[in-house]
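Report on one structure; see the data block that follows.
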């Protein structure tokens, strides 16, 4: 790794440090900020090379996942070598990585669920899906590049396209995999679930741990092969919560009122039942951070959902311009980037107070990543579970690379 003090913000804490973790010729990236890619002790995590912040090309033989070891000078060790490896999750106990080998195509092909030790040992294929999903006529393809794993380590969810390559307005769906007795179940399907961002609750509560945060892109358009022609339309996307058996569908009171729109970035606030989203508003023209609890479903009313609870976390910041963000596992600290119009995009950290009540406090600008802010170079900051380290992407060197912040 290389020290990069030139990327520190002028008002960053005096002990703060920035390091460039990857330095090769291939574009390298952190995995999307909501992914569960850290061991629980916050010392080892996954990133990938020949990749970008939103995933990778399943046909790229150079793409691979790496384990970064903070206790060994951030040494990088290859974990996968198979073409098509995608959507990894680290088990809650930190022993294993689960990932998929994507050899799918609309209406055919196969996907394989793999488990490997975080140290690279004992790799085993748990399940291959090369026929219609049980109880359906659907074959999964266009796998979402992020999976999500339940807090007890027993289930894993992944979204996909369900079209056959010929039928218009084909559905997308959410698959839930049983990791203890390998099997798969389709728990949700429909044409508007094309960009689902599924995220299991981080809670260990026996009821809450079954909740999955999901995004619904109303007004989207795709062709028969699942290729987007429009990602979202009309009043925009909204966010929901569903149990992992497909029941108890609920709404998050965000967006869809003609003024506030969900950006499509959201996450749970640590292990709590609250979730946070970034929004775009027309008046005032801001990008705010709002936290809420799930509430009873009410026909996709968004912000105007009856009984919706909302707390504007960003109201303590003048002219907020926040896009991609994440919290630590305790829900006490948040990191976020700002838009390119804000000095090219900056990275801030702030403290979370009483849930549902307090705004973010102690805002501190840590870094100027100098990213181009092209989609292939989104900053996507996130924290280690203990909140002691921060991470972001940048193409400031001319090649996309992964970076780390510490001592802030």
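Residue numbers (my numbering): 4 to 411. Ideal Cβ positions, reconstructed from N, Cα and C, are used throughout, including at glycine.
Please look up how many angstroms separate the CB atoms of residue i and residue j, rounded, as I've assumed it's under 8 Å.
i: residue 397; j: residue 406; result: 6 Å
i: residue 12; j: residue 349; result: 7 Å
i: residue 277; j: residue 296; result: 6 Å
i: residue 56; j: residue 383; result: 5 Å
i: residue 46; j: residue 74; result: 5 Å
i: residue 82; j: residue 100; result: 6 Å
i: residue 242; j: residue 269; result: 6 Å
i: residue 51; j: residue 79; result: Between residue 79 and residue 51 the Cβ distance is about 10 Å, and since that is not below 8 Å, they are no contact.
i: residue 334; j: residue 355; result: 6 Å
For the beta strand (DSSP E) holding residue i, just list the boundary residues, first then last.
i: residue 78; result: 78-81
i: residue 71; result: 67-72
i: residue 271; result: 263-271
i: residue 353; result: 350-354
i: residue 127; result: 127-132
i: residue 395; result: 392-397
i: residue 228; result: Careful: residue 228 lies outside any beta strand (DSSP E) and carries neither H nor E.
i: residue 278; result: 278-284
i: residue 220; result: Where residue 220 is concerned, there is no enclosing beta strand (DSSP E), given that its DSSP letter is neither H nor E.
i: residue 57; result: Run containing residue 57: none; DSSP gives neither H nor E here.
i: residue 295; result: 292-295
i: residue 409; result: 404-409
i: residue 108; result: 99-108
i: residue 48; result: 47-52
i: residue 241; result: 241-246
i: residue 197; result: Counting along the chain, residue 197 falls outside any beta strand (DSSP E), and DSSP gives it neither H nor E.
i: residue 427; result: There is simply no residue 427 to check, as the chain begins at 4 and stops at 411 in what is shown.
Classify residue i as buried or exposed, calling it buried when 16 or more other Cβ atoms lie within 10 Å of its own Cβ.
i: residue 336; result: buried
i: residue 105; result: buried
i: residue 128; result: exposed
i: residue 247; result: buried
i: residue 183; result: exposed
i: residue 3; result: What the structure shows of the chain is the stretch from 4 to 411, and residue 3 is not part of that stretch, so it cannot be assessed.
i: residue 158; result: buried
i: residue 95; result: buried
i: residue 233; result: exposed
i: residue 166; result: buried
i: residue 309; result: exposed
i: residue 145; result: buried
i: residue 38; result: buried
i: residue 89; result: buried
i: residue 262; result: exposed
i: residue 340; result: buried
i: residue 330; result: buried
i: residue 360; result: exposed
i: residue 110; result: buried
i: residue 137; result: exposed
i: residue 381; result: buried
i: residue 226; result: exposed
i: residue 328; result: buried
i: residue 143; result: buried
What is the DSSP secondary structure of residue i, reduced to helix, strand or coil?
i: residue 315; result: strand
i: residue 211; result: helix
i: residue 158; result: strand
i: residue 10; result: helix
i: residue 37; result: coil
i: residue 306; result: helix
i: residue 183; result: coil
i: residue 167; result: coil
i: residue 75; result: helix
i: residue 333; result: coil
i: residue 90; result: strand
i: residue 377; result: coil
i: residue 202; result: strand
i: residue 116; result: strand
i: residue 111; result: strand
i: residue 147; result: coil
i: residue 347; result: coil
i: residue 141; result: coil
i: residue 365; result: strand
i: residue 320; result: coil
i: residue 178; result: strand
i: residue 153; result: coil
i: residue 85; result: coil
For chain D, is any of its Cβ atoms less than 7 Å away from the one on residue i?
i: residue 87; result: Absence of chain D from the displayed structure is noted, only one protein chain being present.
**Message:** Closer than 8 Å is the cut-off here; do at least three beta carbon pairs connect the stretch 228-239 with the stretch 247-262?
**Reply:** yes
**Request:** Would you check if there are 3 or more beta carbon pairs closer than 8 Å linking the stretch 192-203 to the stretch 153-166?
**Result:** yes
**Asked** Between the stretch 377-397 and the stretch 354-368, do three or more beta carbon pairs fall short of 8 Å?
**Response** no
**Prompt:** Per the contact definition of three or more C-beta pairs closer than 8 Å, is the stretch 212-228 in contact with the stretch 284-291?
**Reply:** no
**Message:** For the structure I just gave you, are there three or more beta carbon pairs, one from the stretch 119-127 and one from the stretch 169-182, closer than 8 Å?
**Reply:** no
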